[in-house]
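Just below is one structure, and these are the notes that go with it.
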Amino acid sequence: GQQLNQSPQSMFIQEGEDVSMNCTSSSIFNTWLWYKQEPGEGPVLLIALYKAGELTSNGRLTAQFGITRKDSFLNISASIPSDVGIYFCAGLLERGTGTASKLTFGTGTRLQVTL
Amino acid sequence: NAGVTQTPKFRVLKTGQSMTLLCAQDMNHEYMYWYRQDPGMGLRLIHYSVGEGTTAKGEVPDGYNVSRLKKQNFLLGLESAAPSQTSVYFCASSYSRGSYNQPQHFGDGTRLSIL
Numbered sequence: 001g002q003q004l005n006q007s008p009q010s011m012f013i014q015e016g017e018d019v020s021m022n023c024t025s026s027s028i029f030n031t032w033l034w035y036k037q038e039p040g041e042g043p044v045l046l047i048a049l050y051k052a053g054e055l056t057s058n059g060r061l062t063a064q065f066g067i068t069r070k071d072s073f074l075n076i077s078a079s080i081p082s083d084v085g086i087y088f089c090a091g092l093l094e095r096g097t098g099t100a101s102k103l104t105f106g107t108g109t110r111l112q113v114t115l
Numbered sequence: 001n002a003g004v005t006q007t008p009k010f011r012v013l014k015t016g017q018s019m020t021l022l023c024a025q026d027m028n029h030e031y032m033y034w035y036r037q038d039p040g041m042g043l044r045l046i047h048y049s050v051g052e053g054t055t056a057k058g059e060v061p062d063g064y065n066v067s068r069l070k071k072q073n074f075l076l077g078l079e080s081a082a083p084s085q086t087s088v089y090f091c092a093s094s095y096s097r098g099s100y101n102q103p104q105h106f107g108d109g110t111r112l113s114i115l
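Quick look at the structure:
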């Protein structure tokens, strides 16, 4: 099955630094989602993007839906220790009532923040 | 708010044993999903359901069966467990609303080991 190419695989940064990660696909998507997963928990939705070119923020997080509809990026500004976790992108092609949202997930970016 | 609840949280099985994982959601979501998560990989869809009484195959359905007898519950069954099914299993649910598929909400996972 298809999986999205997500990079980097892991990042070690200092508190206060900005973080950038991206996701690319060979196929187009109509929706891009970014999730964060902490140890022992399920993924939690951070940002949802529904339109090509859309730029959406959620606090210190900003994500963009690429114009080509084949990529997306997530930025975290002024990182803090609680940002530690694995960040997953997910793409969705189908859209419409009655169509289940079968997501394709990226392989994840593991973020470590040091003091 | 409970959201998506998975039981059990941990389980160890012997090869050939059977078991059922239970997912319950209290958000009145129409759609429910079962994923598996393996090291270094994103989540892969096993089966999903677009409503009570309906199920469909996802990306990796072999060796699993599902049932959706009630809207709030989605059961994942392993008839004859194999070591390759050692994984973390996540359940998710989402609304069907308008022209946009709503993001999925995840449970905290079931860690399953097959010896």
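Line by line, the protein sequences give chains A and B. For what it's worth, the working numbering labels the leading residue of the first sequence as 1, then goes sequentially. For what it's worth, the working numbering labels the leading residue of the second sequence as 1, then goes sequentially. Where a beta carbon is used, it is the ideal one built from N, C-alpha and C, also for glycine. Note that the coordinates shown come from a computational prediction; the quantities given were computed from them, not determined experimentally.
Pairing B/S49 with B/M32 gives a Cβ-Cβ distance under 8 Å. Shown here, B/Q37 sits in a strand according to DSSP, grouped into three states. For B/P103, at least one C-beta of chain A is nearer than 8 Å to its own C-beta.
Pairing A/F29 with A/R60, the inter-Cα distance amounts to about 25 Å.
Assignment of A/S25 by DSSP, reduced to helix, strand and coil, places it in the coil class. Each residue's CA atom was taken as its position, placing B/A2 and B/K71 some 16 Å apart.
DSSP places B/V66 in the uninterrupted beta strand (DSSP E) bounded by 65-67.
The Cβ atoms of B/Y64 and B/G77 lie closer than 8 Å to each other.
Put simply, the backbone Cα of B/R36 is about 24 Å away from that of A/F73. Taking A/L33 as reference, the option from A/P39, A/K70, A/F12 with the minimal CA-CA separation is A/K70. Taking 8 Å as the CB threshold, B/G77 stays off the interface with chain A. In terms of CA proximity to A/A90, A/G106 leads the group A/I76, A/Q37, A/G106. B/Q85 sits in a helix when the DSSP states are folded into three classes. Identification of residues in the region 36-64 of chain A having a C-beta nearer than 8 Å to some C-beta of chain B yields G40, E41, G42, P43, V44, L45, A48, Y50, given in sequence order. Any Cβ of chain B closer than 8 Å to the Cβ of A/L115 would place that residue at the interface, and such an atom is absent.
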